[in-house]
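A.B. asks: Could you have a look at this structure, given as structure tokens, before my questions?
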Amino acid sequence: MSKTFLLAFGILLTILSSVTGLVLIPNWQFQSLKPVVKADGRRYPEAYFGDQDKGRGVYIAQGCIYCHTQQVRMKGYGADIRRGWGTRRSVPRDYLEDRPHQLGTMRTGPDLASIGARQPSESWHALHLYNPQLTSPGSVMPRYNYFFDEVKRGQMPPAEAIRLPGNGHGDVTHILPNERGRQLIAYLKRLNQSFPLPEANQ
Amino acid sequence: MVTESSSAAAASLGALSTPEIEARVQVDRSSKQVIVLYWGAALFWLTFASIAGIITSIKLHNPGFLGGIEWLTFGRMRAVHWDTAIYGFGGVAASGTLLWLQARLCQVRMPYTKLLIAGGLVFNVGILLGVIGIFMGQSTGVETLEFPLWAMPFLVVPYVFIVIANFTMYFQKKTTHTYVSQWYLMAVTVWFPVLVLSAEACTNLGAVDGVAQAIANWWYGHNVVGLFATPTGIAAAYYLIPKVIGKPIHSYHLSLLGFWANAIFYNWAGTHHLTGGPLPAWTITLGVVGSMMMFIPVITIGINHHMTMVGSFHLLKTSPTLRFAVMGSMMYTFASFQGSLESLRSHQEITHFTHYTIGHVHLGMYGFFAPLMFAMIYYAMPRLMNREWSSARLIRIHFWCTLIGTAIYGGAMCYAGIRQGMMMNDPSVPFLNIVQFTVPYLQLRTLGGVILLAGTVAFLINFVRIVTPHKFTWASPTMLDTDRDWKDILKAEKGAEAAQ
Chain A
1 MSKTFLLAFG
11 ILLTILSSVT
21 GLVLIPNWQF
31 QSLKPVVKAD
41 GRRYPEAYFG
51 DQDKGRGVYI
61 AQGCIYCHTQ
71 QVRMKGYGAD
81 IRRGWGTRRS
91 VPRDYLEDRP
101 HQLGTMRTGP
111 DLASIGARQP
121 SESWHALHLY
131 NPQLTSPGSV
141 MPRYNYFFDE
151 VKRGQMPPAE
161 AIRLPGNGHG
171 DVTHILPNER
181 GRQLIAYLKR
191 LNQSFPLPEA
201 NQ
Chain B
1 MVTESSSAAA
11 ASLGALSTPE
21 IEARVQVDRS
31 SKQVIVLYWG
41 AALFWLTFAS
51 IAGIITSIKL
61 HNPGFLGGIE
71 WLTFGRMRAV
81 HWDTAIYGFG
91 GVAASGTLLW
101 LQARLCQVRM
111 PYTKLLIAGG
121 LVFNVGILLG
131 VIGIFMGQST
141 GVETLEFPLW
151 AMPFLVVPYV
161 FIVIANFTMY
171 FQKKTTHTYV
181 SQWYLMAVTV
191 WFPVLVLSAE
201 ACTNLGAVDG
211 VAQAIANWWY
221 GHNVVGLFAT
231 PTGIAAAYYL
241 IPKVIGKPIH
251 SYHLSLLGFW
261 ANAIFYNWAG
271 THHLTGGPLP
281 AWTITLGVVG
291 SMMMFIPVIT
301 IGINHHMTMV
311 GSFHLLKTSP
321 TLRFAVMGSM
331 MYTFASFQGS
341 LESLRSHQEI
351 THFTHYTIGH
361 VHLGMYGFFA
371 PLMFAMIYYA
381 MPRLMNREWS
391 SARLIRIHFW
401 CTLIGTAIYG
411 GAMCYAGIRQ
421 GMMMNDPSVP
431 FLNIVQFTVP
441 YLQLRTLGGV
451 ILLAGTVAFL
461 INFVRIVTPH
471 KFTWASPTML
481 DTDRDWKDIL
491 KAEKGAEAAQ
């Protein structure tokens, strides 16, 4: 009986030690980490609000994480920076507002840590999400056409509608992001780690 | 009650007195309903996960497949595939294995069977709810913990029943010693609840913040395989290999070393999933050290399993249980070596964000864990149901599909992953060229997945047949070198009818 408790206790100890060492201690180490105040008085990283925040929920609900990372590796380790995915490596401070984290572990598609800096155009994001083949021929990304209202040939497109390139897509000539589409694009445009944090150069 | 191999049968039965055999029959009778429910549900989820996996795989080389339907978008199918594979198949099959093995090794009747049956049903409903949640877009966004929080009580509460039943059997045990498999089973029941509860607290309940959440996520993601699936698989191998060949395990001392080394080092390995990420370097280093130290338990467990087999390889020709168990234990050694090497920073620089990792996961889960669960089911079901497997041909199909499917899947993904990673590290290669390079290998993966599903279907037919009452059963165990098949059964059944 006492031997059994010793066994169970030893087993329990192995897991408690690792959760303490790997999760609780790093978390304690990060407690002192605060956003920095930029020259213009705004904080980096800023809290997510409004459409950006809801767009983050759309990103999670679609499972974008299974093909896209949001972390740039340091110079000399991989080619993240040379590929233009970021200007510096990512550091813990970049993720202070990220709950849950969306670091990701797979790059079937490119890294998105700074996609907002790389692709600031709203219409690029709209076309890419509506049909990735329009902007990235040969991509294996699924279509997110359900984030868009379609304007058919012969219909009068609203002023803010985005024209599809060439002859359109079937009988669709223009698209207009719906609520969730606008939110997701707002989130993607906000993803930007180009602010130079001092610890990223160490 | 007959053991599978004729020579081993004679050896093991010869040494047993009738009361001992009768005691085993009593143990099996008490656990029959619970175990058949758990393993049947596990096979359902395996089929479900396989189909979800194939759909996910097709979508990656053919993005228009079932396209434009939000519920079935890649990012949701992918989560549904993995969660049903690890919790539906892995969790339920491992729990069935745990309960049956513990009852057998303690030589006690299974306690609280009604509670365990109710718990098993609730657990499966929980997985179903979690899956529906993901399909509806309610995933938490934390990998491997995607199920919405409201589905979690359905999974946690029934597991408490399993833990209680496990300890009750252990404290009532009629044997004086504790067999190595029992250490592992004990460990699983302690680890899994702590693992799930602390990981949920640290991620979805927000007890820790920022990148510490990422560590918690991968501490869990790695450990759910290493501290849940792996120990159950090892426990099954430790039980089945000596049992079928009728020889004791190679070394008691090695098994002790292997157990504690596994318990201590596996825990720390998870952070290698974040190599190169925005974390303090020491956390990654700990992960790499933990992973490299895993060579100790992997080698000791490997020696114990493989050295026990030496001299008995000819039995692989006949015993279904042994064939799956040996495939599992060999793939354990291979996939573990691969995994340890994979954690190195120089290796991760290339393979980290690629299909290589996916290949490795499948070599582990479908090459090691799943075959050991299959071996367990092949061994125990004839004893529980008191009838034999109907078709040797279906078992052979199942085995070869499992082996070939895993090889195609793992081979294609690991090779494509290395090339993908090397191209990704060369900024002169346009990204879309890399995507296009992987497409043929992704198609090969779909083929591997279809072969695996074909094997599962063969298994399912045999399983349904053994649990449903039938007029005719073979008089001796179904060995792989016989050509027993459906047509023989049909003939025999007709003969039985005519004789009446």
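As they're listed, the protein sequences go chains A and B. Just so you know, we're using the working numbering here: the first sequence kicks off at 1 and counts up by one. Just so you know, we're using the working numbering here: the second sequence kicks off at 1 and counts up by one. We treat Cβ as the ideally placed atom computed from N, Cα and C, and that holds for glycine.
(1) Are there 16 or more other CB atoms within 10 angstroms of the CB of R163 of chain A, so buried, or fewer, so exposed?
(2) For R76 of chain B, tell me which candidate among B:G90, B:F89, B:K59 has the shortest Cα-Cα distance.
(3) Classify I21 of chain B as buried or exposed, calling it buried when 16 or more other Cβ atoms lie within 10 Å of its own Cβ.
(4) Identify the continuous alpha helix (DSSP H) that holds E70 of chain B and give its terminal residues.
(5) Provide the residue span of the alpha helix (DSSP H) that contains L195 of chain B, from first to last.
(6) Does the beta-carbon distance from A113 of chain A to N425 of chain B come in below 8 Å?
(7) Just reading off the alpha helix (DSSP H) that H128 of chain A is part of, what are its end residues?
(8) T173 of chain A by DSSP, collapsed to three states: which one?
(9) Along the beta strand (DSSP E) that carries V72 of chain A, what are the first and last residues, could you check?
(10) Is it right to say I65 of chain A is buried, meaning 16 or more other beta carbons lie within 10 angstroms of its own, or is it exposed?
(11) Using a beta-carbon distance below 8 Å, is R163 of chain A in contact with chain B?
(12) So which of B:R104, B:P63, B:R78 has the shortest CA-CA distance to Q26 of chain B?
(13) Taking the DSSP output, what are the residues bridged to V151 of chain A?
(14) Round the Cβ separation of A214 of chain B and L274 of chain B to the nearest angstrom and send it over; I've been treating them as touching at under 8 Å.
(15) Distance cutoff 8 Å, beta carbons only. Does Y146 of chain A sit that close to anything in chain B?
(16) Does DSSP classify I489 of chain B as helix, strand or coil?
(17) So, is the C-beta of G63 of chain A closer than 8 Å to a C-beta in chain B?
(18) Taking A85 of chain B as the reference, give the member of B:S291, B:A412, B:M365, B:S343 with the closest Cα.
(19) Output the boundary residues of the alpha helix (DSSP H) element that contains W474 of chain B.
(20) Hey, how far is the Cα of G76 of chain A from the Cα of R88 of chain A?
(21) Round the Cβ separation of T144 of chain B and W82 of chain B to the nearest angstrom and send it over; I've been treating them as touching at under 8 Å.
(22) Per DSSP, what kind of secondary structure is I35 of chain B in: helix, strand or coil?
(23) So, using beta-carbon positions, are A375 of chain B and F313 of chain B closer together than 8 Å?
(24) Against chain B, with Cβ distances strictly below 8 Å, would I185 of chain A count as a contact?
(25) In angstroms, rounded to a whole number, what distance separates the CA positions of V188 of chain B and M74 of chain A?
(26) Can you tell me which of the three DSSP states R42 of chain A falls into?
(27) Quick check on the DSSP output: what are the complete alpha helix (DSSP H) runs of length 4 or more inside the segment 106-147 of chain B, in order along the chain?
(28) Is it the case that the Cβ atoms of S50 of chain B and T446 of chain B are separated by a distance below 8 Å?
(29) Determine, for M424 of chain B, whether the minimum Cβ-Cβ distance to residues of chain A falls below 8 Å.
(30) Among the residues of its own chain, which have a CB less than 6 Å from the CB of G91 of chain B, if the five just before and after it don't count?
(31) Taking Cβ positions only, does R76 of chain B come closer than 8 Å to chain A?
(32) Going by DSSP, which residues form a beta bridge with I162 of chain A?
(33) Using a Cβ-Cβ cut-off of 7 Å (strictly less than) and excluding sequence neighbours within five positions of A207 of chain B, which residues of its own chain qualify?
(34) Under 8 Å between the Cβ atoms of W100 of chain B and S30 of chain B?
(35) Whole beta strand (DSSP E) runs in the segment 280-335 of chain B with 3 or more residues, listed along the chain?
C.D. replies: To lay it out plainly:
(1) exposed
(2) B:K59
(3) exposed
(4) E70 of chain B -> no alpha helix (DSSP H), and no H or E assigned at all.
(5) 180-202
(6) no
(7) 122-130
(8) strand
(9) No beta strand (DSSP E) contains V72 of chain A, which DSSP labels as neither H nor E.
(10) buried
(11) no
(12) B:R104
(13) A:H174
(14) 6 Å
(15) yes
(16) helix
(17) yes
(18) B:M365
(19) W474 of chain B -> no alpha helix (DSSP H), and no H or E assigned at all.
(20) 11 Å
(21) 7 Å
(22) helix
(23) no
(24) no
(25) 38 Å
(26) coil
(27) 113-135
(28) no
(29) yes
(30) none
(31) yes
(32) A:I175
(33) A201
(34) no
(35) none
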